[in-house]
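*Asks:* Below are the structure tokens for one structure; questions will follow.
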Amino acid sequence: MSATGILEPGTAVRIGHPPILDQFIPNPDVRERFETLARAPAPLVMEVARNFDMQSLPLIRLIIRARERILGTSGASPRIPRGIVEETQSQGWGLLVEEPGRLLACGATCQPWLGNVTFTAIPPDDFAAFDEPQQVKIAWTLEVEPLGPHLTRFSNETRAVATDAVARARFRRYWRWSRFGIVAIRLLLLPAVRREAERRWAKR
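Numbering follows our numbering, in which position 42 of the sequence shown is assigned residue number 39; successive positions increment by one, without gaps.
Pasting the structure below:
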């Protein structure tokens, strides 16, 4: 159930830099990584990424609504437009590590097959060892790597691992269909962040 996605041909995973999520989920059941190149400075790309409102993209809103219909859940109350980091932390995700302007990782435990998912943060020092039954640990990153003064590799990685066999079986059934929407969100998000960062840089 592991996969690595490269958004633009020729964009390689960083060499000589162990992925930050190795210390939190070293042996994931699921791994998805996507990258793109932005013609803008790394700090600006990170600023745009962490403050980007995913649901400002109509197709992402459609994917989220589709999941609600499939699982038979009612839509949430009207949301306030917020950036990725602010919104996910309001939902229960916790900050695992941050290098300002370069890298950010968040994580939580949950039962993703439920319609109304509850995310629970785990302290960074306890995340790797957490093994409460029938849970799935999920961690994701926003990463930027300067390749030049005005060229940046922007990456997003997500990993998930079940804490026991029961959770793994339920997660596998859920992942068979949900991965298409989850991957689609990543494929929509990265170029949107790239375009916004390049637009802001061009105006400076």
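Virtual Cβ for every residue (Gly too), placed ideally from N, Cα, C.
My understanding is that proline 75 touches aspartate 50, with C-beta atoms under 8 Å, so please give their C-beta distance in whole angstroms.
*Replies:* About 14 Å separates the two Cβ atoms, so there is no contact after all.
*Asks:* How big is the Cα-Cα spacing for leucine 148 and leucine 184?
*Replies:* Their backbone Cα atoms lie some 20 Å apart in a straight line.
*Asks:* Let me know the secondary structure DSSP gives valine 163 once reduced to three states.
*Replies:* It is helical.
*Asks:* Within 10 angstroms of its Cβ, does phenylalanine 177 collect 16 or more other Cβ (buried), or is it exposed?
*Replies:* Counting Cβ neighbours within 10 Å, phenylalanine 177 comes out exposed, since fewer than 16 surround it.
*Asks:* Starting from the N-terminal side, write out each stretch of the beta strand (DSSP E) that is 3 residues or longer and does not extend beyond the stretch 58 to 107.
*Replies:* Whole beta strand (DSSP E) segments, 3+ residues: 91 to 96 and 100 to 107.
*Asks:* On a CA-only basis, which of Leu111, Phe127 and Thr155 is nearest leucine 68? Give me that one, please.
*Replies:* If we check each option's Cα against that of leucine 68, Leu111 comes out closest.
*Asks:* Could you spell out where the alpha helix (DSSP H) holding glutamate 207 opens and where it closes?
*Replies:* An answer regarding residue 207 cannot be provided, because it is not within the stretch -2 to 201 covered by the chain.
*Asks:* Hey, out of Leu186, Gly98, Arg170 and Asp161, whose CA is closest to valine 133's CA?
*Replies:* Measuring from the Cα of valine 133, the nearest candidate turns out to be Asp161.
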